[in-house]
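Shown next, in structure tokens, is the structure this report addresses.
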Amino acid sequence: MNNYWLKYHMCEISNEDFVRGIKLGVYLYAHYKDGVMMVGTTGQTYKEAIAKIDKAHEWAVSAISLKVKE
Numbered sequence: 038m039n040n041y042w043l044k045y046h047m048c049e050i051s052n053e054d055f056v057r058g059i060k061l062g063v064y065l066y067a068h069y070k071d072g073v074m075m076v077g078t079t080g081q082t083y084k085e086a087i088a089k090i091d092k093a094h095e096w097a098v099s100a101i102s103l104k105v106k107e
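When the letters of the sequence shown are read in order and numbered with our numbering, they come out as residues 38 to 107.
Structure, rendered in structure tokens:
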């Protein structure tokens, strides 16, 4: 992969759009078990998985902002 490919085939997306994409992927692979929306074979509910994604996103944003301040 060279710079030309990256320049013309990759689009810039915001962190929020990236996280929305992850959440959409989790939603698409979720299923219902006994009336509860579950995520894949992890044993987590959809709600727990989304909370985990949000927490990881908050941590990443704070880590990036700390690095920028240095």
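The beta-carbon is built from N, C-alpha and C at its ideal position, and this holds for glycine as well.
Query	Result
7 Å CB neighbourhood of Val73 in its chain, flanking five on each side removed	Thr82
Inter-residue spacing [alpha-carbon to alpha-carbon] between Val56 and Ser99	15 Å
Which of helix, strand or coil DSSP assigns to Met38	With a pLDDT of 49 at Met38, under the threshold of 50, the modelled position of that residue is not reliable, and the figure given next carries that caveat. Looking at Met38 - three-state DSSP - the assignment turns out to be coil, as it is neither helix nor strand.
Spatially closest choice to Tyr69 from Ile59, Lys60, Lys89 and Gly80, by CA coordinates	Gly80
Buried or exposed by the 16-neighbour rule on C-beta atoms within 10 Å, applied to Met38	Confidence is the limiting factor: at Met38 the pLDDT is only 49, short of 50, which leaves the residue's position unreliable, though a coordinate-based value still follows. Answer is exposed; the Cβ neighbour count stays below 16.
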